[in-house]
Amino acid sequence: MAEHSGTNGVGILAASLRRHLQRRQRAGIHILPREQSAGIEVSFGPNEDLAGFDLAAPSTPSFKAKTLEELRAEIGDCRLCKLCSGRTHLVFGVGHPSARLMFVGEGPGRDEDLQGEPFVGRAGQLLTDIITKGIGLKREDVYIANVVKCRPPENRNPEPDEVAACEPFLKKQIDLVRPEIIVALGKFAVQTLLQSKAPISKLRGNWHRYHGIKLMPTFHPAYLLRNPADKKLVWEDIKKVIKELRGENA
Ligand code: SF4
383 MAEHSGTNGV
393 GILAASLRRH
403 LQRRQRAGIH
413 ILPREQSAGI
423 EVSFGPNEDL
433 AGFDLAAPST
443 PSFKAKTLEE
453 LRAEIGDCRL
463 CKLCSGRTHL
473 VFGVGHPSAR
483 LMFVGEGPGR
493 DEDLQGEPFV
503 GRAGQLLTDI
513 ITKGIGLKRE
523 DVYIANVVKC
533 RPPENRNPEP
543 DEVAACEPFL
553 KKQIDLVRPE
563 IIVALGKFAV
573 QTLLQSKAPI
583 SKLRGNWHRY
593 HGIKLMPTFH
603 PAYLLRNPAD
613 KKLVWEDIKK
623 VIKELRGENA
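Going by the numbering used here, the sequence shown wraps up at 632, each residue one higher than the last.
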């Protein structure tokens with residue numbers, strides 16, 4: 383989550399993504415949210431397997447919310463864990479309410495806490511490049527959220543009690559958006575959603591399932607800022623996501 387300096391190789395992924403997008407644009411390929419993708423070759427249908435299935439049920443206090451706006455209102459000025467004391471903004475999530483693709487990160491950093499929006503700092507710019515230049519979507523076509531909604535002090539890792547307190551909100555967000563694919567960014571998102579203690583380096587690059595939703599674990603963009611050599615691994619993972627969105631793995 384913490385964003386550190388170190389720009390060596392930062393352009394490698396962006397350049398690779400740009401070339402890929404240019405090829406896709408030449409081919410006329412676009413990947414859109416569900417209701418916009420009708421009739422377009424890359425669409426695959428709504429996640430009907432999930433209809434009526436409360437994804438959040440196993441660990442979630444009962445929410446009345448039927449929309450993301452209602453859920454945000456229910457969360458209100460949440461004080462369920464100690465992260466409430468240091469926040470400027472509670473960073474709920476942003477994006478298309480019925481996005482086909484959802485990104486889940488760890489928690490807000492400094493920029494996110496100040497602006498109240500996830501992934502807006504340097505790591506956020508890298509994620510935006512992946513979405514726009516790599517996948518060919520706009521940020522507003524996907525949904526982006528974090529495991530914890532309030533910034534841990536000094537960008538430390540969220541603690542188990544904080545994750546436990548906040549994860550029901552994320553699970554209800556997933557339940558409301560019902561994406562077809564989740565990209566889980568980094569250890570905390572992956573371990574929270576998959577309930578696994580396996581390291582991200584072992585889990586990434588392979589498809590997993592979260593309540594029937596295809597889930598691709600990959601490295602967090604903030605990690606990539608510190609370890610730019612691993613951008614090629616993330617690009618491999620994202621290419622699998624693109625293929626899945628285009629229905630090429632069916
Ligand atoms: S991190 Fe989550 S559980 Fe903790 S105070 Fe913020 S919204 Fe509430």
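All residues carry an ideal CB built from backbone N, CA and C; glycine is no exception.
Say the cut is 8 Å; is the CB of residue i nearer than that to a heavy atom of the ligand SF4?
| i | result |
| --- | --- |
| K614 | no |
| K531 | yes |
| F601 | no |
| E488 | no |
| E618 | no |
| E544 | yes |
| L357 | Since the first and last residues shown for the chain are 383 and 632, residue 357 lies out of range. |
| I556 | no |
| R538 | no |
| I457 | yes |
| A547 | yes |
| R521 | no |
| F570 | no |
Can you give me the Cβ contacts of residue i inside the same chain, cut-off strictly under 6 Å, excluding the 5 residues immediately before and after it?
| i | result |
| --- | --- |
| P440 | Unreliable placement is indicated for P440, whose pLDDT of 45 sits below 50; the coordinate value is still reported in the next sentence. So the list is empty, once near-sequence residues are dropped. |
With a 10 Å radius around its C-beta and 16 neighbouring C-beta atoms as the bar for buried, classify residue i as buried or exposed.
| i | result |
| --- | --- |
| R538 | exposed |
| T449 | exposed |
| D495 | buried |
| A381 | Missing from the structure shown is residue 381; the chain here goes from 383 to 632 and no further. |
| K625 | exposed |
| G468 | exposed |
| E499 | buried |
| Q577 | exposed |
| P535 | exposed |
| P603 | buried |
| R591 | exposed |
Near residue i, which residues of its chain fall below 7 Å by C-beta distance, leaving aside the five closest residues on each side in sequence?
| i | result |
| --- | --- |
| E522 | G477, H478 |
| I582 | G568, K569, V572, P599, F601 |
| C466 | C460, C532 |
| V524 | G477, H478, A481, L483, M484, F485, I513 |
Excluding sequence positions up to five away, which residues of its chain have a Cβ less than 8 Å from the Cβ of residue i?
| i | result |
| --- | --- |
| L558 | A447, K448, T449, L450, L453, P479 |
| L606 | L395, A505, L508, D612, K613, V616 |
| V529 | V486, G487, E488, G489, P540, V545, C548, E549, L552, F570, A571, T574 |
Assuming residue i and residue j form a contact by the criterion Cβ under 8 Å, report the distance between their Cβ atoms to the nearest whole angstrom.
| i | j | result |
| --- | --- | --- |
| I620 | G516 | 5 Å |
Quiz item: Which ranges would you report for the alpha helix (DSSP H) in the region 555 to 632 if only whole runs of at least 4 residues count?
Solution: Runs of the alpha helix (DSSP H) inside the region 555 to 632: 569 to 576, 582 to 585, 603 to 608, 613 to 627.
Practice problem: Return the chain-ordered ranges of every alpha helix (DSSP H) run that is complete within the region 495 to 538 and spans a minimum of 4 residues. | Solution: Given a length threshold of 4 residues, each whole run of the alpha helix (DSSP H) inside the region 495 to 538 is given here in chain order: 504 to 511.
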